Amino acid sequence: MLDESLAGLKVRSGGTYLDGTAGGGGHSAAICAMLGRGGWLVSVDKDESAVARTKEVRDGLGHPARWDVVKGDFADMRAICGGLGVAGLDGVLLDLGVSSEHLDDGARGFSYGADAPLDMRMDRGGGVTAADVVNGYDEGRLASVIRRYGEEAWAGRIASFICAQRAVRPIATTGELVRVIDMAVPAAVRHRKGVHPARRTFQAIRMEVNGELEALGKGLEAAVDLLLEGGRICVVTFHSLEDRAVKDRFRKGANPCVCPAEAPICVCGIEPSLKVVNARPITASERELAENRRARSAKLRVAERLPRGAITHKGG
Numbered sequence: 004m005l006d007e008s009l010a011g012l013k014v015r016s017g018g019t020y021l022d023g024t025a026g027g028g029g030h031s032a033a034i035c036a037m038l039g040r041g042g043w044l045v046s047v048d049k050d051e052s053a054v055a056r057t058k059e060v061r062d063g064l065g066h067p068a069r070w071d072v073v074k075g076d077f078a079d080m081r082a083i084c085g086g087l088g089v090a091g092l093d094g095v096l097l098d099l100g101v102s103s104e105h106l107d108d109g110a111r112g113f114s115y116g117a118d119a120p121l122d123m124r125m126d127r128g129g130g131v132t133a134a135d136v137v138n139g140y141d142e143g144r145l146a147s148v149i150r151r152y153g154e155e156a157w158a159g160r161i162a163s164f165i166c167a168q169r170a171v172r173p174i175a176t177t178g179e180l181v182r183v184i185d186m187a188v189p190a191a192v193r194h195r196k197g198v199h200p201a202r203r204t205f206q207a208i209r210m211e212v213n214g215e216l217e218a219l220g221k222g223l224e225a226a227v228d229l230l231l232e233g234g235r236i237c238v239v240t241f242h243s244l245e246d247r248a249v250k251d252r253f254r255k256g257a258n259p260c261v262c263p264a265e266a267p268i269c270v271c272g273i274e275p276s277l278k279v280v281n282a283r284p285i286t287a288s289e290r291e292l293a294e295n296r297r298a299r300s301a302k303l304r305v306a307e308r309l310p311r312g313a314i315t316h317k318g319g
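For the sequence shown, the numbering used here gives the first residue as 4, with consecutive numbering after it.
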């Protein structure tokens, strides 16, 4: 959703922007090309491979704007910006979830279509792996992760089958995990056209390994604080949990009032920080869907930073 994201950001020449999920550098390059002299782009990714790819893109292009590429988590954007001397931002872009590069590199363990070690870490510098979650969490905790992050109806049964299998020997690869899930999910569900039975469980484990929802919450708060008046935040999500979190945060920023419902105007003094730009999420175009099936679940939400001290009537 490159075109839609750029339109949502309203990139202005000479502005300062942050791409919190640099990935392959495509979105960052497009933003940088619009900045011109005096502009500043900070591209952030916690995956060292993504950082390397983005630096290659940056170094291969001629551009007058400043472009910093940083290995880090967008949840820490306050510290990242502070370290670079960025006082405020005209725009923030977050393109969430697993990238095509992650899925296409079967050795990373993100894909249920390839047999590889259970890893799923976006930052391979440390932290728990998918194997740690699958083989180390007790059955109740494992079921809770699969149910919460995967919204999987068969979470309890899948967790039970995983625990039974690992009691025989640890589950070491994605292929082994897929086979266990296949056994756990009833045939009538398993054979539904177009829905892989392991998709939701893999999503859940990946989100647990990388702390994705927690990072999103911190990142949204930091972005709202860093945005300058009129600055915009654009967030592309790929499943309902992410989209709900973004929608709720934008709604809270636009209408933080805690006055009684019968009060005609806001008197609580809690200032709105955001204006929601698109009440309904923007989805991928037919052209993009024809070129990229993975865009079918993408949703873009955009909000704009209001002036500090803005007071609005209730509901606005």
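For every residue, glycine included, the Cβ atom is placed at its ideal position computed from N, Cα and C. All values reported here derive from a predicted model rather than from experimental measurement.
Candidates Gly65, Val212, Ala156 and Pro310: closest to Ala187 by CA position: Position 184 of the sequence shown, counted from the first residue, corresponds to residue 187. The residue with the shortest Cα to Cα distance from Ala187 is Ala156.
Which value, in whole angstroms, describes the spacing of the CA atoms of Glu51 and Arg69? The residue you call residue 51 lines up with position 48 of the sequence shown. The residue you call residue 69 lines up with position 66 of the sequence shown. For Glu51 and Arg69, the distance between alpha carbons rounds to 21 angstroms.
Proximity below 7 angstroms, CB of Pro259 to CB of Ile273: Mapped onto the sequence shown, residue 259 falls at position 256. Mapped onto the sequence shown, residue 273 falls at position 270. Contact: yes.
Contact between the stretch 129–147 and the stretch 83–96 (3+ Cβ pairs under 8 angstroms): no
So which of Met4, Thr24, Ala32 and Gly39 has the shortest CA-CA distance to Gly18? In the sequence shown, the residue the question calls residue 18 occupies position 15. Of the candidates Met4, Thr24, Ala32 and Gly39, the one whose C-alpha sits nearest the C-alpha of Gly18 is Gly39.
Residue environment, Glu7, which counts as buried when at least 16 other CB atoms sit within 10 Å: Against the sequence shown, residue 7 aligns to sequence position 4. It counts as buried.
By Cβ distance, which residues of its chain are closer than 7 angstroms to Lys13, with the 5 residues on each side in sequence left out? Numbered from 1 along the sequence shown, position 10 holds the residue referred to as residue 13. Result list for Lys13: Arg235, in chain order.
Apart from the five residues on each side of it in sequence, which residues of its chain come closer than 6 angstroms, Cβ to Cβ, to Ala207? Here residue 207 refers to the residue found at position 204 when the sequence shown is read from its first residue. Cβ within range, chain order: Val148, Ile149, Tyr152 and Gly153.
On a Cα-Cα basis, can you pick out the residue from Leu292, Phe253 and Val270 that is closest to Pro284? On the sequence shown, position 281 is the one that residue 284 refers to. The option with the nearest alpha carbon to Pro284 is Phe253.
Considering only the alpha carbon of each residue, which of Glu307, Ala257, Glu289 and Pro200 lies closest to Ala301? Position 298 of the sequence shown holds residue 301. Measuring from the Cα of Ala301, the nearest candidate turns out to be Glu289.
Tell me the DSSP bridge mates of Arg69? Numbered from its first residue, the sequence shown carries residue 69 at position 66. Arg69 pairs with Trp43.
Just to check my reading of the structure: Gly222 and Ala78 have Cβ atoms closer than 8 angstroms, yes? What is that Cβ distance to the nearest angstrom? In the sequence shown, counting from the first residue as 1, residue 222 sits at position 219. In the sequence shown, counting from the first residue as 1, residue 78 sits at position 75. About 5 angstroms separates the two Cβ atoms, so the contact holds.
Considering Gly112, what are the terminal residues of the beta strand (DSSP E) in which it resides? Within the sequence shown, residue 112 is the residue found at index 109, counting from 1. That residue, Gly112, is in no beta strand (DSSP E); it is neither H nor E in DSSP.
From the DSSP output, in three-state form, read off Ala175 for me. Translated into positions along the sequence shown, residue 175 becomes position 172. Of the three classes helix, strand and coil, the one that applies to Ala175 here is coil, per DSSP.
Suppose contacts are defined by Cβ-Cβ distances below 7 angstroms. Is Pro173 in contact with Ile184 by that definition? Residue 173 sits at position 170 when you count from the first residue of the sequence shown. Residue 184 sits at position 181 when you count from the first residue of the sequence shown. No. Outside cutoff.
Identify the continuous alpha helix (DSSP H) that holds Asp22 and give its terminal residues. By 1-based counting over the sequence shown, the position of residue 22 is 19. Run containing Asp22: none in the alpha helix (DSSP H); it sits in the beta strand (DSSP E), Thr19 to Asp22.
Kindly indicate which three-state DSSP category Gly63 falls into: helix, strand or coil? Here residue 63 refers to the residue found at position 60 of the sequence shown. Coil.
Under a Cβ-count criterion, where at least 16 other Cβ atoms within 10 Å of its own Cβ denotes burial, should Val261 be classed as buried or exposed? Here residue 261 refers to the residue found at position 258 when the sequence shown is read from its first residue. Under this definition Val261 is an exposed residue.
What separation, rounded to the nearest whole angstrom, lies between the Cα atoms of Glu104 and Phe113? Mapped onto the sequence shown, residue 104 falls at position 101. Mapped onto the sequence shown, residue 113 falls at position 110. About 10 angstroms.
Integer-rounded CB distance, given that Leu229 should sit under 8 angstroms from Gly91: In the sequence shown, residue 91 corresponds to position 88, counting from 1. In the sequence shown, residue 229 corresponds to position 226, counting from 1. 6 angstroms between Cβ atoms; contact.
For the stretch 270–318, which segments carrying the alpha helix (DSSP H) assignment without a break, of at least 4 residues, lie completely within its bounds, in sequence order? 289–294
Return the CA-CA distance between Val60 and Ser102, expressed in angstroms with no decimal places. Taking the sequence shown and counting its residues from 1, the one referred to as residue 60 is at position 57. Taking the sequence shown and counting its residues from 1, the one referred to as residue 102 is at position 99. About 17 angstroms.
Could you tell me the distance, in whole angstroms, from the CA atom of Val238 to the CA atom of Met125? As a working note, residue 238 is residue 235 in the sequence shown. As a working note, residue 125 is residue 122 in the sequence shown. Using only the alpha carbons, I get a separation of about 19 angstroms.
When we look at the beta-carbon of Ile161 and count the other beta-carbons within 10 Å, is it buried (16 or more) or exposed? The count along the sequence shown starts at 1 and reaches residue 161 at position 158. Classification for Ile161: buried.
Considering Gly256, what are the terminal residues of the alpha helix (DSSP H) in which it resides? Translated into the one-based positions of the sequence shown, residue 256 becomes position 253. First-last of the alpha helix (DSSP H) with Gly256: Ser243 to Ala257.
Could you check if Val192 is buried or exposed, using at least 16 other CB atoms within 10 Å of its CB as the buried criterion? On the sequence shown, residue 192 is found 189 positions in, with the first residue counted as 1. So Val192 counts as exposed.
Separation of Leu303 from Ser243, as counted between CA atoms: Taking the sequence shown and counting its residues from 1, one reaches residue 243 at position 240. Taking the sequence shown and counting its residues from 1, one reaches residue 303 at position 300. The alpha-carbon atoms of Ser243 and Leu303 are separated by roughly 12 angstroms.
Based on the DSSP output, what are the partners of Arg235 in its beta bridges? What you label residue 235 is simply residue 232 of the sequence shown in a count that begins at 1. The partner list for Arg235 (beta bridge, DSSP) reads Gly94 and Glu307.
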